[in-house]
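**Student:** Quick note: the sequence shown uses my numbering, first residue 40, plus one each step.
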Amino acid sequence: MFSSMIGCFPDPYPDEIFYSICARYKERLMYLSEADICRMLFGSRYSVLYLDRPLRIKYLVSLLPPNSCYSIERIIKQNTLVPFYQTFFGKSYLEDYQIVIERDSPKFRNKARYIKNTPLPISLQFCPLCLKQDKEQFGEAYWHRIHQIAGIALCSIHHVFLQQSNVYIQSDYGAQGLKTVIEATHTKAIIKAVENGFICPPDPLSSAYEALLKVAKCANWLLNKEDLSTEPMHLQNCYRSLFQDKGYINDNETYNESLSKDFFEIFSGSKSIYQLLFYKYYGYKSIYSEKDEEMIKGKYFYEFLNDFLSNPNEHHPLCHLLIIHFLGYTANSFFQLLQRIS
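Below you can see the structure in the form of structure tokens.
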């Protein structure tokens, strides 16, 4: 019943995440359940639609018409977060993921869950002004890739805070349900507020706001650099050199005592930033409480920094963007520097 050619799969919108395309397809068919949609698109009603690195896309592409705009490569590069991860995890990350996709067997699909296990937001996120703009331009709204990166708090286009939806992401990174951004009922009040002009931008004078906005813009730049990747040794040498040039690493290889103070002044106690920096050691939800402030700015921070400088490719790409911003660079200028010295 569900192995015939798929003829009405939606074409993607700019920066649309793959989950969103599948949610719009379900909306078009109206009467099929989520299990039936998964069986139709991925060959099994029990398929998990991983948000950042979807599996079984080879199966889906094989069922699309020959003139479809989709290919495995196109979906990976333009509708997943893989290009963003590849930048700092290295080319081997993309190669491992492509092997999983090409071989498309349960053995390799299980491996995909452990290819650089990375945090995601607790729920799908959206920009209320993107939502309004998309409806006006395309006739419908959709989930953007850039908004689903853990730690991204602001829209890089409209400069307003992202909103949490009621589509929660489970621990194995499968979203709970298959909903379009409009179907996510938590957004209805916000949509009405947008239409009435009640969404106000954050304080542009805040140092945390400035930092988070620049990081969001750098993340968007990286996400659209499909073949950009780095070597751990080059990264390690570049970071260490920049920290030394700023006077944060002394001649005896100890850290200047002003380093932690300067770093946390920029980000002004952002809980999401703390969680992301220390995720590798302490988990995504349990790191921060008021009583932990001293430990975060002392012991935890220097443990993170030691490991970051020794194993840069083991850390989430947004951690790199936070450090790059702290050192006074954008993603673009940092990669130009990296290219010159490597």
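Even for Gly, the Cβ is constructed at its ideal location relative to N, Cα and C.
Below 6 Å CB to CB, which residues in the same chain sit around Phe374 once its five sequence neighbours on both sides are set aside?
**Tutor:** Here residue 374 refers to the residue found at position 335 of the sequence shown. Closer than 6 Å at the Cβ level, and outside the excluded window around Phe374, lies no residue.
**Student:** Give the straight-line distance between the Cα atoms of Val121 and Ile114, rounded to the nearest whole angstrom.
**Tutor:** Within the sequence shown, the letter at position 82 stands for residue 121. Within the sequence shown, the letter at position 75 stands for residue 114. Between Val121 and Ile114, the C-alpha separation is close to 10 Å.
**Student:** Would you give the residue range spanned by the alpha helix (DSSP H) that Phe374 belongs to?
**Tutor:** Translated into the one-based positions of the sequence shown, residue 374 becomes position 335. Phe374 -> alpha helix (DSSP H) spans 370-380.
**Student:** Measuring alpha carbon to alpha carbon, tell me which of Glu134, Leu159, Ser349, Asp346 ends up nearest Glu112.
**Tutor:** Residue numbering aside, residue 112 sits at position 73 when the sequence shown is read from its first letter. Among Glu134, Leu159, Ser349, Asp346, the Cα nearest to that of Glu112 belongs to Glu134.
**Student:** In chain order, what residues of the same chain lie with their CB nearer than 7 Å to the CB of Cys47, ignoring the 5 residues before and after it?
**Tutor:** As a first step, residue 47 is located in the sequence shown; it is residue number 8 there, counting from the start. Arg67, listed in sequence order.
**Student:** Taking the straight line between their C-alpha atoms, what separation do you get for Tyr58 and Thr369?
**Tutor:** Here residue 58 is taken as the residue at index 19 of the sequence shown, counted from 1. Here residue 369 is taken as the residue at index 330 of the sequence shown, counted from 1. Whole-angstrom Cα-Cα distance: 29 Å.
**Student:** To which residues of the same chain is Ile380 closer than 7 Å at the C-beta, ignoring the five residues directly before and after it?
**Tutor:** Here the question's residue 380 lines up with position 341 in the sequence shown. Taken in chain order, the residues that qualify are Cys277.
**Student:** Once you ignore the five residues that flank Leu360 on each side, which residues in its own chain have a CB closer than 7 Å to its CB?
**Tutor:** For the purposes of this step, residue 360 is identified with residue 321 of the sequence shown, where counting begins at 1. Hits under 7 Å: Val254, Cys257, Ala258, Ala370.
**Student:** In or out: Tyr153 buried (at least 16 other Cβ within 10 Å) or exposed?
**Tutor:** As a working note, residue 153 is residue 114 in the sequence shown. For Tyr153, the pLDDT reaches just 48, beneath the cut-off of 50, and the residue's location in the model is therefore unreliable, leaving the point undetermined.
**Student:** Out of Ser280, Asp301, Asp284, Thr269, state which residue places its alpha-carbon closest to the alpha-carbon of Phe128.
**Tutor:** For this step, residue 128 is matched to residue 89 along the sequence shown. Residue Thr269 is the option with its Cα nearest to Phe128.
**Student:** Please list the terminal residues of the continuous beta strand (DSSP E) segment that includes Asn205.
**Tutor:** Reading the sequence shown from its first residue, position 166 is the one you call residue 205. Counted as a single uninterrupted DSSP element, the beta strand (DSSP E) harbouring Asn205 occupies residues 202-207.
**Student:** By Cβ distance, which residues of its chain are closer than 6 Å to Phe282, with the 5 residues on each side in sequence left out?
**Tutor:** In the sequence shown, residue 282 corresponds to position 243, counting from 1. Result list for Phe282: Ile288, in chain order.
**Student:** According to the Cβ coordinates, are Trp182 and Ile56 closer than 7 Å?
**Tutor:** Taking the sequence shown and counting its residues from 1, one reaches residue 182 at position 143. Taking the sequence shown and counting its residues from 1, one reaches residue 56 at position 17. Going by beta carbons, Trp182 and Ile56 fall inside the 7 Å limit.
**Student:** With distances taken Cα to Cα, identify the nearest neighbour of Leu99 among Gly82, Lys171, Glu353, Asp75.
**Tutor:** In the sequence shown, residue 99 corresponds to position 60, counting from 1. It is Gly82 whose Cα lies nearest to the Cα of Leu99.
**Student:** Determine which residues share a DSSP beta bridge with Phe165 and list them.
**Tutor:** Working through the sequence shown from its first residue, we reach residue 165 at position 126. In DSSP, Phe165 forms a bridge with Gln202.
**Student:** Within a Cβ cutoff of 7 Å, which residues of the same chain sit near Leu80, ignoring the five residues on either side of it in sequence?
**Tutor:** Mapped onto the sequence shown, residue 80 falls at position 41. These residues qualify, in order along the chain: Cys61, Leu99.
**Student:** If I follow the unbroken alpha helix (DSSP H) through Leu360, where does it start and stop?
**Tutor:** Translated into the one-based positions of the sequence shown, residue 360 becomes position 321. Per DSSP, Leu360 belongs to the alpha helix (DSSP H) from 356-365.
**Student:** DSSP has Tyr294 in a bridge; who is on the other side?
**Tutor:** Position 255 of the sequence shown, counting from 1, holds the residue named residue 294. Looking at the DSSP assignment, Tyr294 forms a beta bridge with Ile288.
**Student:** In terms of residue numbering, what span does the alpha helix (DSSP H) encompassing Gln125 cover?
**Tutor:** Walking along the sequence shown from the start, residue 125 turns up at place 86. Its alpha helix (DSSP H) spans residues 121-128.
**Student:** With distances taken Cα to Cα, identify the nearest neighbour of Arg92 among Glu304, Ile138, Ser72, Phe306.
**Tutor:** Against the sequence shown, residue 92 aligns to sequence position 53. Closest by C-alpha distance to Arg92, out of Glu304, Ile138, Ser72, Phe306, is Ile138.
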